[in-house]
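Inspection log for the structure reproduced underneath, given as structure tokens.
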Amino acid sequence: MRARKHLALPLATVLTTVALFGAASPAHASPTGCTTGRDGKTAWAYCSGGSGNYAVVIRVTHPDPTVGSWPEVGPCVSPGQRSEYTPYHNIPFTVTGITYC
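Residue numbers (the numbering used here): 365 to 465.
Set out below in structure tokens:
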């Protein structure tokens, strides 16, 4: 019985600490030196440094306003690589930036 009391106190301390401060989570890393553009129908994003992964994001705007618009995202890549995305459709779009992934 005595051993259980000694074990219960450290466990309660750990659980209280996690409840108060939360579990440790990794810091969000960000790419740096990012540029975006478009080559014809292909949207692209390139980040020259930093850390973390990113992808190019476009906003598609349907000619019929009742359909609306929506985002589409290219492949997730690391800094030093180019995320390229070519939509399968012929609906107009703009390159809006990058997203972290």
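Note that the Cβ used here is the ideal one computed from N, Cα and C, for glycine as well.
Since the structure is predicted, the reported quantities are computational estimates derived from the model, not experimental observations.
Excluding residues up to 5 positions away in sequence, W408 and Y410 lie with their Cβ nearer than 6 angstroms to the Cβ of R446 in the same chain. The C-beta distance from S433 to G414 rounds to 30 angstroms, too long to meet the 8 angstroms contact threshold.
The beta carbon of T458 is closer than 7 angstroms to those of I422 and R423 in its chain, skipping five residues each way along the sequence. As far as DSSP is concerned, V431 takes part in no beta bridge.
Minimum Cα-Cα distance from P427 among the listed residues T460, A419, N454 and T396 corresponds to N454.
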